[in-house]
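For the sequence shown, the working numbering gives the first residue as 75, with consecutive numbering after it. Built from N, CA and C at the ideal position, the CB exists for glycine as well. Since we're looking at a predicted model, the values are computed, not measured. Worksheet for the structure shown next.
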Amino acid sequence: MPQYTNEITPEIIHTLNNPYSESDLATFRETESKFITDELSKRTAATVVAIYRHATEGALTRNGGSLHNTSARSCILDDDGTERRFGLVGDEVIYPNGEMAKIVSGTGELLKSNGRSLALVGSLLDDGDIIVSTPQGVRMLVEYDDMHFGGDFLKPEA
């Protein structure tokens, strides 16, 4: 199964700057199309500072752990059509030797599910490990030079 990191590639920049094709825009009402085009021109003027992919079931850690049995109700389809639930702060990563660690940082107040922060590539675990990749390549948070995330973003939660 492919894994995705938070690396900013030319393909990601292109997709962020061009999320709709001309034929997509043609399906919108004129006012909607103009709004989208105006917003996109503002966004393309800003620089992407970082991306943070949502960690789902099957996400991997630097030390070989894997995220299983997440507690979120929300899910996404990955590239091969497999349905995967989003990871949350408090969910556990399992290592090949059977040891477990809990996710302790995530989206903070920016985004929650079931009252808990969502886990991201970059989330910390209580054993010092970190999530480094996820099997889904679609859902991500994008940080721009003119729009930064809150102070509790990716900070360990109590």
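- DSSP lists Ile205 as the bridge partner or partners of threonine 135.
- Under the 8 Å Cβ criterion, the region 180 to 199 does not count as touching the region 149 to 156, having fewer than three qualifying pairs.
- In this structure, leucine 194 lies away from histidine 88, with their beta-carbon atoms at least 8 Å apart.
- When the alpha-carbon of threonine 135 is set against those of Thr105, Thr111, Leu114 and Pro170, the nearest one is in Pro170.
- Note that the C-beta distance between glycine 196 and isoleucine 177 is not below 8 Å.
- The beta carbon of asparagine 80 lies closer than 7 Å to those of Ala124, Ile125, Tyr126, Arg127, Val195 and Gly196 in the same chain, with the five residues before and after it left out.
- The beta-bridge partner set that DSSP reports for phenylalanine 160 consists of Thr130.
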